[in-house]
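Chemist: Each residue of the sequence shown is one higher than the last, beginning at 22 in the numbering used here. For reference, the structure I am asking about is given below.
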Amino acid sequence: MKKLLAALSTTILLAIPTIGHASTNFSDVPSSFWAKEEITRLAEADVISGFPDGTFKPSLSVTREQATLLLGRTLKLSKTPSGSVSFLDVNKNTEAYAYLTQFVQSGVFVDSTSFRPKSPLTRAEMAKILTTSFSMKGTASLPFTDVPKGYWAETHIKQLVANNITAGTTSTTYSPGSSVTRAQLSAFIDRALGNSSAPAVSENEKFAAEVLSLVNQERSKAGLKILELDTAVASVATKKSEDMRDNNYFSHTSPTYGSPFDMLNQFGISYRAAGENIAAGQRTPEEVMKAWMNSPGHKANILSSNYTHLGVGVAKGGSYGMYWTQMFIGK
Numbered sequence: 022m023k024k025l026l027a028a029l030s031t032t033i034l035l036a037i038p039t040i041g042h043a044s045t046n047f048s049d050v051p052s053s054f055w056a057k058e059e060i061t062r063l064a065e066a067d068v069i070s071g072f073p074d075g076t077f078k079p080s081l082s083v084t085r086e087q088a089t090l091l092l093g094r095t096l097k098l099s100k101t102p103s104g105s106v107s108f109l110d111v112n113k114n115t116e117a118y119a120y121l122t123q124f125v126q127s128g129v130f131v132d133s134t135s136f137r138p139k140s141p142l143t144r145a146e147m148a149k150i151l152t153t154s155f156s157m158k159g160t161a162s163l164p165f166t167d168v169p170k171g172y173w174a175e176t177h178i179k180q181l182v183a184n185n186i187t188a189g190t191t192s193t194t195y196s197p198g199s200s201v202t203r204a205q206l207s208a209f210i211d212r213a214l215g216n217s218s219a220p221a222v223s224e225n226e227k228f229a230a231e232v233l234s235l236v237n238q239e240r241s242k243a244g245l246k247i248l249e250l251d252t253a254v255a256s257v258a259t260k261k262s263e264d265m266r267d268n269n270y271f272s273h274t275s276p277t278y279g280s281p282f283d284m285l286n287q288f289g290i291s292y293r294a295a296g297e298n299i300a301a302g303q304r305t306p307e308e309v310m311k312a313w314m315n316s317p318g319h320k321a322n323i324l325s326s327n328y329t330h331l332g333v334g335v336a337k338g339g340s341y342g343m344y345w346t347q348m349f350i351g352k
């Protein structure tokens, strides 16, 4: 996968005076993290845990075996097998095997000789096991261009949308073959339990929120004030990422909008200082932040004391797969 980085590290200043461990407090899940409440609830219920180093690793993909354990614990299934299943790749003396004997009986999983326990859980598989486990009803019209009529998980995806479990990865895609992260599955399970009244958000919005959280972790370590989210700037950053994807370019200067400063002005954003980081090809918030922090120009923007607010935009698709934009402003 090709990857690109670019930073507009010279700030424009205007002439105006002068953001599995047993603990439920994870160092990489700050209070501002989009799934903080959902993760905390599941951790307090001993459904999910973090790692010995005190992290949760929210963007780590969930395996099929791990998903089985999380659902089994959520539903308080018996840890004693109920009959047997044919899976040759699952140890019969494990908690996962006991849950699988019950899930096969209820139709959550289909009995076979192979379960593929270490394979990442896909979003299509997640739709099936969640809707079946929680006996979800309802249907919805799907705006997703990647879920064709007759697709094997179409009914389950419609039920997820109808029950406000997910809004897709974008307004027009569901990404059925993409893996599910620990944060995402925590949120999906929590919503299925009826604990969260917040509307479902897209994966791109979640990724943007995670980038903001990671930026503020770096600023806190450097003794700097955290950056506040500016939703108007985030909207502009999203348009920039989408523009790079749709017009197949990678540059601070857009053929549609001009420079980042031109864009901010066009959309009515006032600022005394502004800067931009862009990237393409990185698959997760952690990956793109690592790349930015390893680049002096990008790191300088992230750790600049000139800025007070940040907007992050993410766009999936195009020749690089993922496009990322950070737009910084100082008010």
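Ideal Cβ placement from N, Cα and C applies to all residues, glycine included.
Using the C-alpha atoms, what's the distance from Thr134 back to Asn112?
Modeler: Translated into the one-based positions of the sequence shown, residue 112 becomes position 91. Translated into the one-based positions of the sequence shown, residue 134 becomes position 113. Cα to Cα, Asn112 sits roughly 12 Å from Thr134.
Chemist: Compute the Euclidean distance between the alpha carbons of Ser234 and Gln87, then round it to the nearest angstrom.
Modeler: Working through the sequence shown from its first residue, we reach residue 234 at position 213. Working through the sequence shown from its first residue, we reach residue 87 at position 66. Computed Cα separation, rounded: 25 Å.
Chemist: Below 8 Å on the Cβ atoms is my contact criterion, and I expect Pro138 with Arg85 to pass it. Report the Cβ-Cβ distance as a whole number of Å.
Modeler: Numbered from its first residue, the sequence shown carries residue 138 at position 117. Numbered from its first residue, the sequence shown carries residue 85 at position 64. That belief holds up - the Cβ atoms of Pro138 and Arg85 are roughly 6 Å apart, short of 8 Å.
Chemist: Where does Ala295 sit, in a helix, a strand or coil, going by DSSP?
Modeler: The residue you call residue 295 lines up with position 274 of the sequence shown. Residue state, collapsed to three classes: strand.
Chemist: What separation, rounded to the nearest whole angstrom, lies between the Cα atoms of Lys290 and Gly279?
Modeler: On the sequence shown, position 269 is the one that residue 290 refers to. On the sequence shown, position 258 is the one that residue 279 refers to. Here residue 290 turns out to be Ile, not Lys, going by the sequence shown. One C-alpha to the other measures close to 15 Å.
Chemist: On a Cα-Cα basis, can you pick out the residue from Trp345, Leu109, Val232 and Thr194 that is closest to Pro169?
Modeler: By 1-based counting over the sequence shown, the position of residue 169 is 148. Of Trp345, Leu109, Val232 and Thr194, the residue nearest in Cα terms is Thr194.
Chemist: Excluding sequence positions up to five away, which residues of its chain have a Cβ less than 8 Å from the Cβ of Phe165?
Modeler: By one-based count along the sequence shown, residue 165 stands at place 144. Once the five neighbours on either side are set aside, the close Cβ partners of Phe165 are Ile178, Gly189, Thr193, Thr194 and Tyr195.
Chemist: Give me the Cβ distance between Pro141 and Val68, rounded to the nearest whole Å; I'm assuming they're in contact under 8 Å.
Modeler: Here the question's residue 141 lines up with position 120 in the sequence shown. Here the question's residue 68 lines up with position 47 in the sequence shown. Between Val68 and Pro141 the Cβ distance is about 19 Å, and since that is not below 8 Å, they are no contact.
Chemist: Can you confirm whether the stretch 71 to 82 touches the stretch 96 to 108 when touching is taken to mean that 3 or more C-beta pairs between the two stretches lie within less than 8 Å?
Modeler: No, they do not touch.
Chemist: Classify Ile186 as helix, strand or coil using the three-state DSSP reduction.
Modeler: For the purposes of this step, residue 186 is taken as residue 165 along the sequence shown, with counting starting at 1. DSSP places Ile186 in coil when its eight states are reduced to three.
Chemist: Just list the residues that DSSP pairs Ser325 with in beta bridges.
Modeler: For this step, residue 325 is matched to residue 304 along the sequence shown. Paired residues: none, contrary to the question.
Chemist: Could you give the uninterrupted runs of the alpha helix (DSSP H) lying entirely in the stretch 263 to 295, keeping only those of 4 residues or more?
Modeler: Taking only runs of at least 4 residues, the alpha helix (DSSP H) segments lying wholly in the stretch 263 to 295 are 281 to 287.
Chemist: Between His319 and Leu248, how many whole angstroms is the CB-CB distance? I'm expecting something under 8 Å.
Modeler: Here residue 319 refers to the residue found at position 298 of the sequence shown. Here residue 248 refers to the residue found at position 227 of the sequence shown. The Cβ separation is near 15 Å, so there is no contact.
Chemist: With which residues is Leu142 paired in a DSSP beta bridge?
Modeler: Counting from 1 along the sequence shown, the entry for residue 142 is found at position 121. In the DSSP output, where bridge partners are listed per residue, Leu142 has none listed.
Chemist: Quick check: Gln205 and Ala321, are their CB atoms within less than 9 Å of each other?
Modeler: As a position in the sequence shown, residue 205 is number 184, starting the count at 1. As a position in the sequence shown, residue 321 is number 300, starting the count at 1. Not closer than 9 Å, so no.
Chemist: How long is the line joining the alpha carbons of Ser325 and Gln238, rounded to whole angstroms?
Modeler: Here residue 325 is taken as the residue at index 304 of the sequence shown, counted from 1. Here residue 238 is taken as the residue at index 217 of the sequence shown, counted from 1. Computed Cα separation, rounded: 14 Å.
Chemist: Is any heavy atom in the ligand PLP found nearer than 8 Å to the beta carbon of Gly296?
Modeler: In the structure on display, the ligand PLP does not appear, and there are no ligands present to speak of.
Chemist: Can you tell me whether Val232 is helix, strand or coil according to DSSP?
Modeler: Position 211 of the sequence shown, counted from the first residue, corresponds to residue 232. Helix at Val232.
Chemist: Could you tell me the boundaries of the alpha helix (DSSP H) in which Met157 lies?
Modeler: Stepping through the sequence shown from its first residue, residue 157 is reached at position 136. From DSSP, Met157 is part of no alpha helix (DSSP H); its letter is neither H nor E.
Chemist: Pull up the distance between the alpha-carbon of Gln126 and that of Ser154, whole angstroms please.
Modeler: Taking the first residue of the sequence shown as 1, we reach residue 126 at position 105. Taking the first residue of the sequence shown as 1, we reach residue 154 at position 133. Going by the C-alpha atoms only, they are around 11 Å apart.
Chemist: Residues in the same chain with beta-carbon distance under 6 Å from Arg94, minus the five sequence neighbours each way, listed in chain order, please.
Modeler: By 1-based counting over the sequence shown, the position of residue 94 is 73. Around Arg94: Val68.
Chemist: Given Tyr344, which residues of its chain have a CB within under 6 Å of its CB, disregarding the five upstream and five downstream residues?
Modeler: Position 323 of the sequence shown holds residue 344. Hits under 6 Å: Ser262, Met265, Arg266, Ala301 and Ala336.
Chemist: Between which residues of its own chain and Phe136 is the CB-CB distance below 6 Å, once the five residues before and five after are set aside?
Modeler: Counting from 1 along the sequence shown, the entry for residue 136 is found at position 115. Taken in chain order, the residues that qualify are Phe108, Asp110 and Val111.
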